[in-house]
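Trainee: Offset between the sequence shown (1-based) and the numbering used here: plus 119.
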Amino acid sequence: MAFRMSSKMLDNLPRGTIVIEDLEIGMVRHLQKQVTDRDIELFAEVSTDRNPVHLDDAYAQDTIFEGRIAHGMLTAGLISAVI
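(1) What alpha helix (DSSP H) runs, 4 residues minimum, are completely inside the segment 121-194?
(2) Compare the Cα-Cα distances from S166 to each of G196, V201, A200 and report the closest residue.
(3) Express the C-alpha separation of I137 and M146 in angstroms, rounding to a whole number.
(4) By Cβ distance, which residues of its chain are closer than 7 Å to Q151, with the 5 residues on each side in sequence left out?
(5) Quick check on the burial criterion: 16 or more other C-beta atoms within 10 angstroms. Buried or exposed for L193?
(6) Please report how far the alpha carbon of G191 lies from the alpha carbon of L142, in whole angstroms.
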């Protein structure tokens with residue numbers, strides 16, 4: 120069952136109810152999530168990406184980021200929570 124969105128704001132729709140055919144330029148959806156140390160540790164475990172910039176405070180301090188960062192694919196994976 121497809122339907123046209125009358126509003127550009129999609130936050131009032133349940134997650135998982137948007138189909139690709141209904142997406143239009145300018146539509147907006149928000150997700151707020153605090154990525155925790157545990158999230159990063161779990162992602163490192165399942166992805167086998169144990170780069171110290173994600174896991175080692177001392178190492179990460181000396182990088183351009185000046186601290187640990189989340190994996191790019193971890194944050195990219197949150198896209199599926201929005202649509």
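Every residue, glycine too, gets a C-beta built ideally from N, C-alpha and C.
Mentor: Concretely, from the data shown:
(1) Within the segment 121-194, the complete alpha helix (DSSP H) runs of at least 4 residues are 156-166, 171-174, 176-180.
(2) For the purposes of this step, residue 166 is taken as residue 47 along the sequence shown, with counting starting at 1. Taking only the C-alpha atoms, the option nearest S166 is G196.
(3) Position 27 of the sequence shown, counted from the start, is the residue given in the question as residue 146. Position 18 of the sequence shown, counted from the start, is the residue given in the question as residue 137. CA-to-CA, the gap between M146 and I137 works out to about 11 Å.
(4) Translated into the one-based positions of the sequence shown, residue 151 becomes position 32. Hits under 7 Å: none found.
(5) Locating residue 193 in the sequence shown gives position 74, counting from the first residue. The residue in question, L193, is buried, as its Cβ has 16 or more Cβ neighbours within 10 Å.
(6) Position 72 of the sequence shown holds residue 191. Position 23 of the sequence shown holds residue 142. So the two alpha carbons sit approximately 24 Å from each other.
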